[in-house]
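Enquirer:
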Ligand SMILES: [Fe+2]
């Protein structure tokens with residue numbers, strides 16, 4: 405049943421448009437940005453707390469400062485940064501950082517979930533049962549649960565995040581935008597079966613199988629990748645580059661983050677922020693403050709200037725837990741007042757997780773101090789804005 409909004413005090417009849425002078429708009433809504441919502445209009449920035457205590461502090465990690473086990477040692481593994489509740493060992497969502505510099509000397513498959521790689525840096529290939537799938541900067545690579553593969557870097561500077569979701573990644577419905585919006589399925593690339601080579605030859609071939617976080621090793625006299633002589637079906641690795649992602653935008657409507665829907669499983673919604681024009685002077689160009697009550701929000705910052713943030717650089721990642729208000733930094737409002745936010749040049753990956761996420765001790769090694777109160781510090785804002793001027 406359609407419910408009509410109740411109104412009191414100072415407000416706007418159209419969300420994100422003509423926000424009353426001297427107020428901030430904050431969205432308090434269900435199902436991320438999909439469900440019923442109320443917009444609250446506030447005098448002060450809703451996330452400008454002076455102090456925060458307890459486990460729900462927003463966190464920023466500088467992934468460039470986290471050394472991973474696979475960075476210096478070819479038998480090393482990616483480093484777990486974030487994980488959902490440990491109610492059972494088979495978590496709904498885990499987020500890893502991989503900085504592999506040498507080829508895996510083994511083959512690998514996980515039954516803990518589908519893996520979605522996002523490559524911030526680096527070039528190389530995935531050797532899979534389905535053939536060779538190259539990767540490069542800006543690639544999303546989806547490896548379905550159980551697929552046997554091996555990562556072979558061709559440059560030493562790899563930095564990628566891996567979202568491992570217990571349920572399969574798919575492409576969200578585009579609704580009234582039509583099936584070719586955001587990206588046409590025609591731009592998705594699949595492994596080249598004709599190039600089905602593997603650098604692992606001779607001697608014993610090791611396959612590591614991960615289940616519930618633990619690895620079991622299988623040893624073969626033959627290479628299980630080379631062993632596949634053909635296939636037919638729809639379950640296989642694929643990739644999409646962010647430059648093939650064509651965002652929707654509107655000059656007269658603030659498109660919510662869900663407008664960047666790229667992949668989704670029942671555990672996590674993955675969106676892409678890509679360069680786009682922003683609204684006219686009536687429309688709220690910066691993101692509105694919101695109190696997400698159904699998702700923990702992770703953003704990995706890939707490239708460009710992040711128009712809603714201050715002090716965040718490419719290669720960093722933030723976590724905003726559900727229940728805690730968040731929105732643009734003071735620096736972003738300064739830039740907007742100077743007319744510097746007519747167009748974004750940012751690329752970022754947003755992951756909205758259904759289950760609460762927790763940062764691991766390894767992840768905390770990249771934590772940026774004072775991020776959780778960075779909406780309160782106007783001095784930092786002034787410094788950044790003067791740099792931009
Ligand atoms: Fe958010």
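Numbering (my numbering), first residue to last: 405 to 793.
Glycine included, every Cβ here is placed at the ideal spot set by N, Cα and C.
If we count the other Cβ atoms within 10 Å of its Cβ and call it buried at 16 or more, is residue 419 buried or exposed?
Expert: Here residue 419 refers to the residue found at position 15 when the chain shown is read from its first residue. Buried is the call here.
Enquirer: Going by alpha carbons, who is nearest to residue 589 out of 650, 461, 631, 568?
Expert: As a working note, residue 589 is residue 185 in the chain shown. The option with the nearest alpha carbon to residue 589 is 650.
Enquirer: Could you tell me whether the segment 707-726 touches the segment 571-588, where touching means 3 or more Cβ pairs closer than 8 Å?
Expert: No, the segment 707-726 is not in contact with the segment 571-588.
Enquirer: Rounded to whole angstroms, what is the Cα-Cα separation between residue 427 and residue 450?
Expert: Looking up residue 427 in the chain shown gives position 23. Looking up residue 450 in the chain shown gives position 46. So the alpha carbons of these two residues sit roughly 10 Å apart.
Enquirer: Does DSSP classify residue 828 as helix, strand or coil?
Expert: Because the chain spans 405 through 793 in this model, residue 828 falls outside it and cannot be assessed.
Enquirer: Which partner residues does residue 557 have in the DSSP bridge list?
Expert: Here residue 557 corresponds to residue number 153 of the chain shown, with the count starting at 1. Residue pairing by DSSP puts residue 557 in a beta bridge opposite 528.
Enquirer: Look at residue 564 and residue 518 and say whether their C-beta atoms are less than 8 Å apart.
Expert: Here residue 564 is taken as the residue at index 160 of the chain shown, counted from 1. Here residue 518 is taken as the residue at index 114 of the chain shown, counted from 1. No.
Enquirer: By how many angstroms is the C-alpha of residue 464 removed from the C-alpha of residue 674?
Expert: As a first step, residue 674 must be located in the chain shown, where it is residue number 270. As a first step, residue 464 must be located in the chain shown, where it is residue number 60. Inter-residue distance for residue 674 and residue 464 is about 18 Å (C-alpha atoms, whole angstroms).
Enquirer: Where do the ends of the alpha helix (DSSP H) carrying residue 474 lie?
Expert: On the chain shown, position 70 is the one that residue 474 refers to. Here the alpha helix (DSSP H) through residue 474 covers 473-476.
Enquirer: Quick check: what's the CA-CA separation for residue 695 versus residue 458?
Expert: Residue mapping note: residue 695 aligns to position 291 of the chain shown, counting from 1. Residue mapping note: residue 458 aligns to position 54 of the chain shown, counting from 1. Those two C-alpha atoms are separated by around 17 Å.
Enquirer: Out of 766, 671, 658, state which residue places its alpha-carbon closest to the alpha-carbon of residue 423.
Expert: On the chain shown, residue 423 is found 19 positions in, with the first residue counted as 1. Checked all of 766, 671, 658; the closest Cα to residue 423 is 658.
Enquirer: Apply the 10 Å Cβ neighbour rule to residue 774 and answer buried if 16 or more other Cβ atoms are within range, or exposed otherwise.
Expert: Counting from one through the chain shown, the residue named residue 774 turns up at place 370. Label assigned to residue 774: exposed.
Enquirer: Reducing DSSP to helix, strand and coil, say where residue 620 ends up.
Expert: In the chain shown, the residue the question calls residue 620 occupies position 216. The answer is strand: DSSP assigns residue 620 an E or B state.
Enquirer: Going by alpha carbons, who is nearest to residue 750 out of 678, 654, 702?
Expert: Position 346 of the chain shown, counted from the start, is the residue given in the question as residue 750. From the listed residues 678, 654, 702, the smallest Cα separation to residue 750 is found for 678.
Enquirer: Is the beta carbon of residue 429 within less than 7 Å of some heavy atom of ligand 1?
Expert: For the purposes of this step, residue 429 is taken as the residue at position 25 of the chain shown. Outside the cutoff, so no.
Enquirer: Nearest-angstrom Cα distance between residue 778 and residue 735?
Expert: By one-based count along the chain shown, residue 778 stands at place 374. By one-based count along the chain shown, residue 735 stands at place 331. Straight-line Cα distance between these residues: approximately 10 Å.
Enquirer: If you follow the beta strand (DSSP E) that residue 487 is in, where does it begin and where does it stop?
Expert: Sequence index remark: in the chain shown, residue 487 carries index 83 (1-based). For residue 487, the enclosing beta strand (DSSP E) covers residues 483-488.
Enquirer: Taking C-beta to C-beta, are residue 430 and residue 692 nearer than 8 Å?
Expert: Within the chain shown, the letter at position 26 stands for residue 430. Within the chain shown, the letter at position 288 stands for residue 692. In contact: residue 430 and residue 692 (Cβ atoms closer than 8 Å).
Enquirer: So who's on the other strand from residue 435, going by DSSP bridges?
Expert: Locating residue 435 in the chain shown gives position 31, counting from the first residue. Residue 435 pairs with nothing; no bridge assigned.
Enquirer: Let me confirm a value: residue 643 is counted as buried when at least 16 other C-beta atoms fall within 10 Å, else exposed. Which label applies?
Expert: Here residue 643 is taken as the residue at index 239 of the chain shown, counted from 1. So residue 643 counts as buried.
Enquirer: Which of helix, strand or coil does DSSP assign to residue 514?
Expert: Here residue 514 is taken as the residue at index 110 of the chain shown, counted from 1. Strand, per DSSP.
Enquirer: Taking only three categories from DSSP, how would you classify residue 421?
Expert: Taking the chain shown and counting its residues from 1, one reaches residue 421 at position 17. Residue 421 falls in the strand class under three-state DSSP.
Enquirer: Assign residue 476 to buried or exposed, taking buried as 16 or more other Cβ atoms, counted over all protein chains shown, within 10 Å of its Cβ.
Expert: Here residue 476 corresponds to residue number 72 of the chain shown, with the count starting at 1. By the 10 Å Cβ count, residue 476 comes out exposed.
Enquirer: Does the beta-carbon of residue 724, which I'm using as the reference point, lie nearer than 7 Å to any heavy atom of ligand 1?
Expert: Against the chain shown, residue 724 aligns to sequence position 320. Within the cutoff, so yes.
Enquirer: Name the residue from 526, 708, 568, 593 whose alpha carbon lies nearest to the alpha carbon of residue 808.
Expert: Residue 808 falls outside the range modelled here, since the chain spans only 405 to 793, and no answer is possible.
Enquirer: Strictly by DSSP, which residues pair up with residue 757?
Expert: For the purposes of this step, residue 757 is identified with residue 353 of the chain shown, where counting begins at 1. Answer by DSSP bridge pairing, in chain order: 672, 700.
Enquirer: Look at the Cβ atom of residue 530, then the Cβ atom of residue 545, and state whether they are nearer than 8 Å.
Expert: Working through the chain shown from its first residue, we reach residue 530 at position 126. Working through the chain shown from its first residue, we reach residue 545 at position 141. For residue 530 and residue 545, yes; Cβs fall inside 8 Å.
Enquirer: Please determine whether the Cβ atom of residue 750 lies at a distance below 7 Å from any heavy atom of ligand 1.
Expert: As a working note, residue 750 is residue 346 in the chain shown. False, no ligand heavy atom lies under 7 Å from that Cβ.
Enquirer: From residue 785 to residue 733, what does the alpha carbon distance come to, in whole angstroms?
Expert: Along the chain shown, read from residue 1 onward, the residue named residue 785 stands at position 381. Along the chain shown, read from residue 1 onward, the residue named residue 733 stands at position 329. In this prediction, residue 785 has a pLDDT of 45, which is less than 50 and means its spatial position is unreliable; what the coordinates show is noted afterwards. Spanning the two alpha carbons is a distance of roughly 8 Å.
Enquirer: Going by the beta-carbon positions, is the gap between residue 403 and residue 638 smaller than 8 Å?
Expert: Here the chain covers residues 405 to 793 and nothing more, so residue 403 does not appear.
Enquirer: Give the DSSP bridge partners of residue 569, in chain order.
Expert: Taking the first residue of the chain shown as position 1, residue 569 is located at position 165. DSSP, once it has assigned bridges, lists 497, 518 as partnering residue 569.
Enquirer: Quick check on DSSP: helix, strand or coil for residue 792?
Expert: One-based indexing of the chain shown puts residue 792 at position 388. Legend: pLDDT at residue 792 = 44, less than 50; position of this residue unreliable, no value from coordinates given.
Enquirer: Please confirm whether residue 485 and residue 763 have their CB atoms less than 8 Å apart.
Expert: Reading the chain shown from its first residue, position 81 is the one you call residue 485. Reading the chain shown from its first residue, position 359 is the one you call residue 763. Yes.
Enquirer: In three-state terms, what does DSSP make of residue 695?
Expert: Reading the chain shown from its first residue, position 291 is the one you call residue 695. Three-state DSSP puts residue 695 in a strand.
Enquirer: On the DSSP letters alone, give me the boundaries of the beta strand (DSSP E) that residue 625 sits inside.
Expert: As a first step, residue 625 must be located in the chain shown, where it is residue number 221. Unbroken run through residue 625: none, as it is neither H nor E.
Enquirer: Which two residues bound the contiguous alpha helix (DSSP H) that contains residue 610?
Expert: Counted from its first residue, the chain shown places residue 610 at position 206. Premise fails: residue 610 lies in the beta strand (DSSP E), 609-615, not in any alpha helix (DSSP H).
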